[in-house]
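Using the UniProt record's numbering, you'd call the opening residue of the sequence shown number 1 and step up by one each time.
We put the CB at the ideal spot given by N, CA and C, even for glycine.
A short worksheet on the structure shown next.
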Amino acid sequence: MDPLSDVLSQLNADKAYVVGLRTGGDWGMHFPPPANIKFNAVVEGSCWLTVEGEPAPIYLRPGDCFILTRPRAFILASSLDRITENAVELFRNAVKGVLQYGSEQDFFMIGGRFNYGQEARLLLDSLPAVAVVNAHTDSAPILRWALALLVQELSNASPGGAMMAQQLGNIMLIQVLRQYLGVEQDSPAGWLFALSDPRVNSALEAMHAEPAKRWSVQQLADIAGVSRSTFALSFKQKVGFGPLEYLLRWRMQLASRRLALGNVTVSAVAQSLGYDSDSAFSNAFKRIMHCSPRQYRERQREHAPSRS
Numbered sequence: 001m002d003p004l005s006d007v008l009s010q011l012n013a014d015k016a017y018v019v020g021l022r023t024g025g026d027w028g029m030h031f032p033p034p035a036n037i038k039f040n041a042v043v044e045g046s047c048w049l050t051v052e053g054e055p056a057p058i059y060l061r062p063g064d065c066f067i068l069t070r071p072r073a074f075i076l077a078s079s080l081d082r083i084t085e086n087a088v089e090l091f092r093n094a095v096k097g098v099l100q101y102g103s104e105q106d107f108f109m110i111g112g113r114f115n116y117g118q119e120a121r122l123l124l125d126s127l128p129a130v131a132v133v134n135a136h137t138d139s140a141p142i143l144r145w146a147l148a149l150l151v152q153e154l155s156n157a158s159p160g161g162a163m164m165a166q167q168l169g170n171i172m173l174i175q176v177l178r179q180y181l182g183v184e185q186d187s188p189a190g191w192l193f194a195l196s197d198p199r200v201n202s203a204l205e206a207m208h209a210e211p212a213k214r215w216s217v218q219q220l221a222d223i224a225g226v227s228r229s230t231f232a233l234s235f236k237q238k239v240g241f242g243p244l245e246y247l248l249r250w251r252m253q254l255a256s257r258r259l260a261l262g263n264v265t266v267s268a269v270a271q272s273l274g275y276d277s278d279s280a281f282s283n284a285f286k287r288i289m290h291c292s293p294r295q296y297r298e299r300q301r302e303h304a305p306s307r308s
């Protein structure tokens, strides 16, 4: 399994919320920072998107999609000087997941929020706060299709709807990641963009294939086909930290996932990831997750949805 697929296989969108907006003419609304990942796609018409902390507004045309990867407040409006209304209050009047805002109907947008939890940070931290996929890209039609299907699934409450929402959310995230992986070659350090470097990617593939192995920098450099010093420098420049630090972080991501499932012991998780003792594993886990493995498991149980 390639590293991107490996990371994506750890993700589950455990919550999904999708709505539509039908409006037109002169309009505008402001949104609070979303707690989760936010997707939107313009189906008809056009509008301005202004995101808190971003230097310039973005003009969205039919077929354009955007994803907010950070909790930033944002504005959608027909013009930049339009006085906006509170979107949270307005959407209380949505009927069957669609808000009719005003009397005109020359604009339609569908959007959704997805909660992937902390497992998604490795991917999302490589993206800008707002990632736009334009209508002319290969990814846009698939994003619009997935969002439209989400609206249908969640509004009809059909059997299997929760699983459909989860998988469609994953499809949309994959398409956005592929888009940026393909075009952002001069981006700053980030795991996602490191995949485009064949030497770094070969080392990542090796670590993902055998995360429990006691890798050395020299072994990884040999796989990459360069000297130890060249590899170490290139890896840190591309990924943002050294290869063994990355291996530690990936192990702890795997560990947190396994601990959250609740059906394996801490010792079993430690052994599966190459640790000779529970204490060594616990110290490594605390360094990355800022709590012990047992504390992490208890927190996951406390926040787990009720099955009653």
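Which of helix, strand or coil DSSP assigns to residue i
i, result
"Thr-137", "coil"
"Val-130", "strand"
"Val-264", "coil"
"Leu-233", "helix"
"Lys-286", "helix"
"residue 314", "Shown here, the chain extends from 1 to 308; a query on residue 314 therefore has no answer."
"residue 309", "The structure shown does not extend to residue 309, since the chain is modelled only from 1 through 308, so no value can be given for it."
"Leu-21", "strand"
"Ala-221", "helix"
"Ile-83", "coil"
"Gly-63", "coil"
8 Å CB neighbourhood of residue i in its chain, flanking five on each side removed
i, result
"residue 313", "Nothing about residue 313 can be read from this structure; the chain reaches only from 1 to 308."
"Ser-292", "Ser-282, Phe-285, Lys-286"
Residue i - containing alpha helix (DSSP H), residue span
i, result
"Asn-201", "198-209"
"Val-95", "From DSSP, Val-95 is part of no alpha helix (DSSP H); its letter is neither H nor E."
"Phe-31", "No alpha helix (DSSP H) holds Phe-31; the beta strand (DSSP E) holding it covers 28-31."
Distance between residue j and residue i (C-alpha atoms, nearest Å)
i, j, result
"Leu-177", "Asn-170", "11 Å"
"Gln-253", "Leu-259", "10 Å"
"Glu-160", "Glu-153", "Looking at the sequence provided, one finds Gly at residue 160 rather than Glu. So the two alpha carbons sit approximately 9 Å from each other."
"Thr-69", "Ile-223", "33 Å"
"Thr-50", "Pro-32", "12 Å"
"His-208", "Arg-144", "32 Å"
"Ile-288", "Leu-273", "15 Å"
"Gly-20", "Ile-110", "4 Å"
"Ala-280", "Glu-302", "26 Å"
"Asn-265", "Arg-294", "Here residue 265 turns out to be Thr, not Asn, going by the sequence shown. The straight-line gap from Cα to Cα measures roughly 9 Å."
"Trp-27", "Ala-77", "6 Å"
"His-136", "Lys-286", "45 Å"
"Gly-242", "Ala-268", "27 Å"
"Leu-195", "Ala-35", "28 Å"
"Val-217", "Gly-225", "12 Å"
"Arg-249", "Arg-297", "18 Å"
"Leu-192", "Gly-102", "41 Å"
Sequence-distant residues of its chain with Cβ nearer than 6 Å to residue i (five each side left out)
i, result
"Val-18", "Gly-112, Leu-150, Val-151, Leu-154"
"Phe-108", "Arg-22, Val-43, Glu-44"
"Asp-106", "Gly-24, Gly-45"
Start and end residues, beta strand (DSSP E) containing residue i
i, result
"Ala-41", "37-44"
"Val-51", "47-51"
"Ala-77", "74-77"
Same chain, Cβ closer than 7 Å to residue i, five either side skipped, listed in chain order
i, result
"Leu-8", "Asn-170, Ile-174"
Next item on the list: Mind the definition here: the segment 191-201 touches the segment 52-62 only if three or more C-beta pairs lie below 8 Å; say whether that holds.
Entry: Flag = no, the segment 191-201 and the segment 52-62 do not touch.
Next item on the list: Evaluate the contact criterion for the segment 229-236 versus the segment 275-282: three or more CB pairs, one atom per stretch, below 8 Å.
Entry: No, the segment 229-236 does not touch the segment 275-282.
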